[in-house]
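The structure appears below as structure tokens.
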Amino acid sequence: MKPVTVVVLSRFADIFQGFRESVDRFLPEVPRVLVRDGEEIALPLDSRWTVVQGPEKFLMAVNGSLGWKTAPADSDLLYVGDDARFTQADTIELLQRDAYSDSRIGIISPKITGEIGSYTQAKPNSTGITYSKGRLAFVCVYIKREVIEKVGYLDPIFSGAYGCDDSDYCHRAKLAGYKLAATSSVVVNHQHAASTFIRTGVGTDCRTGAEKFVDKWGQKAHLEIEDTTVEKPERAVPSVPVRSIPSTRPLRRFSR
Numbered sequence: 146m147k148p149v150t151v152v153v154l155s156r157f158a159d160i161f162q163g164f165r166e167s168v169d170r171f172l173p174e175v176p177r178v179l180v181r182d183g184e185e186i187a188l189p190l191d192s193r194w195t196v197v198q199g200p201e202k203f204l205m206a207v208n209g210s211l212g213w214k215t216a217p218a219d220s221d222l223l224y225v226g227d228d229a230r231f232t233q234a235d236t237i238e239l240l241q242r243d244a245y246s247d248s249r250i251g252i253i254s255p256k257i258t259g260e261i262g263s264y265t266q267a268k269p270n271s272t273g274i275t276y277s278k279g280r281l282a283f284v285c286v287y288i289k290r291e292v293i294e295k296v297g298y299l300d301p302i303f304s305g306a307y308g309c310d311d312s313d314y315c316h317r318a319k320l321a322g323y324k325l326a327a328t329s330s331v332v333v334n335h336q337h338a339a340s341t342f343i344r345t346g347v348g349t350d351c352r353t354g355a356e357k358f359v360d361k362w363g364q365k366a367h368l369e370i371e372d373t374t375v376e377k378p379e380r381a382v383p384s385v386p387v388r389s390i391p392s393t394r395p396l397r398r399f400s401r
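First residue of the sequence shown: 146, per this note's numbering; consecutive thereafter.
Listed below in structure tokens is the structure:
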């Protein structure tokens, strides 16, 4: 099994405590990176945690990249919001299995219950892999190390607290030739009402993030990446048996 590191960003102690209890219960042996915003979360944590302090002003893409860079260089990532709650002990094993079932998959999400703005993540097929036309919301996503090596980190221009950093990264992954997918073999609950997002308020962040995306990639790309419906399966072209067809051309005689 490939090594995997959980990366989470968090600010409020009670929200982080709920996440910590969830990961301790269902992913007890998995190493974790916390990018701490502010000083409300008390330190130190136990030895399974690597803690890095985020900049004074919280910036989603900057803090996220800081966490990704802190993870071991050979490790895949499970990038998770602090308002996500795990529900099963085989989360990592099944996500990794499904991620590597198709070499084209770069990022895969579990099925997300609760608040989620992606149809593919909310309603993946009951069996097999479901491919998304557009972005995956980074509530909980498994990212292969090869994607980070090829695509890079989150773009710091998306410097609002929330908004389009995940859309931008998904678009770049697709441009690099990767597929975005979801699987129902793992379920993660998104307790959106218990999130930093709700407490701090969205303000104009999502709007300005969308504007920055359009400035960077264009309106057509923005419409495409925000289409989170299911990608239609590729249709195989049926093989047609080759039949021997008698020639209608007269035979030519050749002299020797």
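C-beta atoms are modelled at their ideal positions from N, C-alpha and C, and glycine is treated no differently.
This one's a predicted model, so the numbers in the text were calculated from it and none came from an experiment.
List the endpoints of the continuous alpha helix (DSSP H) containing residue i.
i, result
"A318", "310-320"
"Y323", "Segment: none, Y323 is in no alpha helix (DSSP H) and carries neither H nor E."
"D159", "158-171"
"R181", "Not the alpha helix (DSSP H): R181 falls in the beta strand (DSSP E), residues 177-181."
"T265", "264-267"
"I302", "Neither: I302 is in no alpha helix (DSSP H) and is coded neither H nor E."
"Q364", "364-370"
"S210", "205-215"
Measuring only the C-alpha atoms, how far is residue i from residue j?
i, j, result
"A229", "H337", "8 Å"
"I293", "D221", "9 Å"
"P176", "L154", "15 Å"
"K319", "I288", "13 Å"
"E201", "F161", "19 Å"
"W213", "D311", "14 Å"
"S277", "F171", "27 Å"
"E369", "K268", "19 Å"
"T349", "G308", "Any answer about T349 is weak, because its pLDDT of 48 lies below 50 and its placement is not dependable; what the coordinates show is given next. If you take the alpha carbons of T349 and G308, they lie about 9 Å apart."
"Q198", "G259", "29 Å"
"L204", "R156", "12 Å"
"P189", "Y298", "27 Å"
"V178", "S304", "21 Å"
"S329", "L223", "16 Å"
"L211", "R242", "27 Å"
"E174", "K377", "37 Å"
"A244", "Q364", "30 Å"
"R380", "W362", "With a pLDDT of 47 at R380, under the threshold of 50, the predicted position of this residue should be treated as unreliable, though the coordinate-derived value follows. R380 and W362: Cα-Cα distance of roughly 30 Å."
"A187", "T353", "33 Å"
"A234", "G251", "23 Å"
"E184", "A158", "9 Å"
"K147", "E238", "9 Å"
"I261", "K357", "22 Å"
"G273", "V333", "17 Å"
"A271", "D227", "This sequence places Ser at residue 271; Ala is not what is there. Spanning the two alpha carbons is a distance of roughly 26 Å."
"R317", "D219", "21 Å"
If I follow the unbroken beta strand (DSSP E) through residue i, where does it start and stop?
i, result
"V152", "149-155"
"D236", "According to the sequence provided, residue 236 is Thr. The question's Asp does not apply to it. No beta strand (DSSP E) contains T236, which is instead part of the alpha helix (DSSP H) from 236-244."
"S290", "The sequence given here has Arg at residue 290, not Ser. R290 -> not in any beta strand (DSSP E); alpha helix (DSSP H) instead, spanning 290-296."
"G273", "Neither: G273 is in no beta strand (DSSP E) and is coded neither H nor E."
"G226", "221-226"
"T232", "From DSSP, T232 is part of no beta strand (DSSP E); its letter is neither H nor E."
"T258", "250-259"
"T195", "194-198"
Relative to the C-alpha of residue i, which residue among the options is closest?
i, options, result
"C315", "M205, A282, P269", "A282"
"R290", "G262, L204, V207, P217", "P217"
"S167", "S329, H335, D182, K324", "H335"
"V207", "V333, E238, P301", "P301"
"V286", "T236, S304, A321, G308", "T236"
"F143", "V151, G183, T265, I186", "Residue 143 falls outside the range modelled here, since the chain spans only 146 to 401, and no answer is possible."
"T275", "D247, G209, F203", "D247"
"R280", "Q364, D182, L325", "L325"
"S192", "G199, L211, D169", "D169"
"D182", "G209, W194, S271", "G209"
"T215", "V149, V333, R317", "V149"
"D313", "D219, A158, E371, N270", "E371"
Does the beta-carbon distance from residue i to residue j come in below 9 Å?
i, j, result
"H367", "V359", "yes"
"A355", "S263", "no"
"V296", "V225", "no"
"K256", "V331", "yes"
"T265", "T373", "yes"
"R249", "G322", "yes"
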